[in-house]
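The end of the sequence shown is residue 322 by my numbering, with every number in the run present.
As structure tokens, the structure follows; a few thoughts come after it.
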Amino acid sequence: MTTARSPARSATRPAPTDAPARKARPARESRQRILAAIREAAIEEFSLHGLRGTSTQAIAERAGLTKPQLHYYITGKEELYAELLDSVMMAWKIEFAPPGLTEPADILAHYIRQKLDHAFDQPTVSRIFTREILDGGHNLGRYWPNARVWVEQEVAIINGWIARGLMRPMNAHLLLMHIWAMTQHHADFALQVREMYSHSHQGAPLDREAVANDLIPFVLRGCGLIKD
95 MTTARSPARS ATRPAPTDAP ARKARPARES RQRILAAIRE AAIEEFSLHG
145 LRGTSTQAIA ERAGLTKPQL HYYITGKEEL YAELLDSVMM AWKIEFAPPG
195 LTEPADILAH YIRQKLDHAF DQPTVSRIFT REILDGGHNL GRYWPNARVW
245 VEQEVAIING WIARGLMRPM NAHLLLMHIW AMTQHHADFA LQVREMYSHS
295 HQGAPLDREA VANDLIPFVL RGCGLIKD
């Protein structure tokens, strides 16, 4: 004998399409976690050893995967390295003169602060670029054309300020390079900064605000944008 299905029980039963949706979501989340772990492992390995010195085995071990598991998610280390170089270059494409800022002192202060934030927040990513330069920059050929365009746009703005008498005459290219050197130092030479500064300050880490509050006036004063 058959019995009629209880309406209450039928109402609570999930629709047939619900189960695949529930399964797909954790699968996507798990995949994203694994890809994030691979990316972080690759950043560490490439920043320490460069492309040539990094093996997929080392990336896999750092990410907690076997080598076959790693290659399920990536084709090879070259593809991953190119992706990370892309992210470095895009992170460095800071809008030099964002809307709302018109004064040279405000624009340069904003630029310096953004560069410092990148050095403090993503030091290992930054060091991938430095390692690539030290290895000869063979993988940067396709990045230089865009980078030159960005820099020339910034140089044109600075030269415009100089022409209008808003800041002291100087070589705009060298000014930008000096800013890169002083901000990038906190990523590339973080160990040296930590050892030299913390040893003299009872182990206290160097605060980025302290750096910004010292570096920004230093640059602006040299540009003739603030006076003592």
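All C-beta atoms, glycine included, are put in the ideal place defined by N, C-alpha and C.
Chain C within 8 Å of residue i, Cβ atoms only
i: D308; result: You won't find chain C in this structure, because it holds only one protein chain.
Pair within 8 Å by beta-carbon distance, residue i and residue j
i: Y175; j: I188; result: no
i: I227; j: F140; result: no
i: A213; j: I251; result: no
i: A152; j: I132; result: no
i: V249; j: H267; result: yes
i: V219; j: I273; result: no
i: L164; j: A154; result: yes
i: L269; j: V287; result: no
i: L77; j: N233; result: Residue 77 lies beyond the stretch modelled for the chain, which goes from 95 to 322, so this question has no answer here.
Where the alpha helix (DSSP H) through residue i begins and ends
i: G316; result: 302 to 316
i: I251; result: 238 to 257
i: H232; result: Careful: H232 lies outside any alpha helix (DSSP H) and carries neither H nor E.
Nearest residue (CA-CA) to residue i, options the options
i: R236; options: T196, H280, E177, R125; result: E177
i: T196; options: V287, N265, G254; result: G254
i: A135; options: T150, Q126, R146; result: T150
i: E172; options: L159, G194, W244, R146; result: R146
i: P363; options: L269, A203, Q126, T224; result: This structure gives no information on residue 363, because the portion of the chain shown stretches from 95 to 322.
i: G230; options: P162, V243, V182, G144; result: G144
i: L159; options: D180, A185, A130; result: A130
i: M184; options: H232, I201, A241; result: A241
i: G259; options: E289, C317, H279; result: C317
i: W238; options: V305, V182, A306; result: V182
i: D215; options: P193, I201, G194, W186; result: W186
Proximal residues to residue i (C-beta, below 7 Å), its chain only, five neighbours per side dropped
i: P217; result: A281, A284
i: I128; result: Y167
i: A298; result: S292
i: T224; result: D282
i: T148; result: E139, F140, K171
Beta-carbon contacts of residue i that lie in its chain and below 8 Å, excluding the five residues immediately before and after
i: L309; result: I206, L210, M276, T277
i: I256; result: R262, P263, M264, A266
i: Q247; result: F190
i: Q208; result: I188
i: K161; result: T150, Q151, A154
Beta-carbon proximity list for residue i, same chain, < 6 Å, skipping 5 on both sides
i: A199; result: L314, L319
i: M95; result: No answer about M95 holds up, because its pLDDT of 39 lies below 50 and its placement is not dependable.
i: R107; result: For R107, the pLDDT reaches just 46, beneath the cut-off of 50, and the residue's location in the model is therefore unreliable, although a value from the coordinates is still provided. For R107, where only same-chain residues beyond five positions count, there are no Cβ hits under 6 Å.
i: I201; result: A191, L195
i: A306; result: R207, L210
Cβ-heavy atom distance, residue i to the ligand NAP, below 7 Å
i: A154; result: Looking for the ligand NAP in the displayed structure turns up nothing, as the structure carries no ligands at all.
For a minimum of 4 consecutive residues, which ranges assigned as the alpha helix (DSSP H) are wholly contained in the stretch 133 to 182? The qualifying runs are 150 to 157, 161 to 167.
If we require 4 or more residues per run, which alpha helix (DSSP H) segments fall completely within the stretch 260 to 304? Look at the stretch 260 to 304 and you find these whole runs of alpha helix (DSSP H), each 4 residues long or longer: 266 to 282, 284 to 294.
Quick check for students: name the residue ranges of the alpha helix (DSSP H) that lie wholly in the stretch 196 to 233, counting only runs of 4 or more. Correct list: 198 to 215, 217 to 228.
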